[in-house]
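Input: a single structure, listed below in structure tokens.
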Amino acid sequence: AGIGFIPTFLFGAGDLPFWYSARFHTPLGSEKVNLGFSLQGFGVLSGGLAPGNFLSTNLSYGSKSNHVSFGLGYGLIDGSLVDLPLFSFNTLQRLGKRSYFMMENYFTELDGDIYGLLSIGGRHAGNRIAIDYGITGVFSEGAFYGIPIVGIYVPLWR
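Numbering follows the numbering used here, in which position 22 of the sequence shown is assigned residue number 30; successive positions increment by one, without gaps.
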């Protein structure tokens, strides 16, 4: 499970965009192949953005500390089911004893254009929690608009 926010206060903004993520996975006949399910959401404290959630399933290959995954999901935004699928490509790669490279990307197609939420960054793992950091942003019509992010990851089961 994880929560995070975009530190807009660093730029003088009053709204605080946030997100959350809860994931569960189980092996599929091999320790390296897993089927996963996730519930993720976002919103803005004191802002006008409608909260959104999406449920997805993914297939991952690799170990706990070095893996890639591909997923498919659907969203619920402002109480309405989104009829376009959301595709994902994610990876986590161990760089050292407590450091990781992370990338999470989500894509959908709308009226012939591809839109995405892209993020790239790192994770520093402590004994009980981890700090995530990086850049995330929206990809639309060939342009990328990135902003810094900070998050906390807390494993619920070990």
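C-beta atoms are modelled at their ideal positions from N, C-alpha and C, and glycine is treated no differently.
Distance between G60 and V52 (C-alpha atoms, nearest Å): 10 Å
3-residue-minimum beta strand (DSSP E) runs that sit fully inside the region 92-150, ordered along the chain: 94-102, 107-118, 121-133 and 138-148
Other residues of its chain near L89: CB distance less than 8 Å, five sequence neighbours each side excluded: Cβ contact annotation for L89 (same chain, cutoff 8 Å, sequence separation greater than five): Y82 and G83, in chain order.
Endpoints, beta strand (DSSP E) assigned at I11: G10 to F13
R136 to H75 span [Cα, whole Å]: Their backbone Cα atoms lie some 21 Å apart in a straight line.
Alpha-carbon spacing of S68 relative to G49, whole angstroms: 21 Å
With 16 other Cβ atoms within 10 Å as the buried cut-off, status of R131: buried
Status (buried if at least 16 other CB within 10 Å, exposed otherwise) for E112: buried
Opposing strand residues paired with P35 [DSSP bridges]: N42
3-residue-minimum beta strand (DSSP E) runs that sit fully inside the region 50-79, ordered along the chain: If we require 3 residues or more, the beta strand (DSSP E) runs fully inside the region 50-79 come out as 60-71.
One or two residues paired with Y26 in a DSSP bridge: A small fix is needed here, since residue 26 is Phe in this sequence, not Tyr. Paired residue(s): F13 and G51.
Identified DSSP bridge partners for V90: Bridge partners of V90: none, in fact.
Length of the line joining the Cα atoms of V41 and Y108: 20 Å
Proximity to R102 [Cα-Cα], best of G20, S73 and S148: S73
Alpha carbon of I122 to alpha carbon of S96, nearest angstrom: The straight-line gap separating the alpha-carbon atoms of I122 and S96 is approximately 13 Å.
One or two residues paired with P163 in a DSSP bridge: Per DSSP, none; premise fails for P163.
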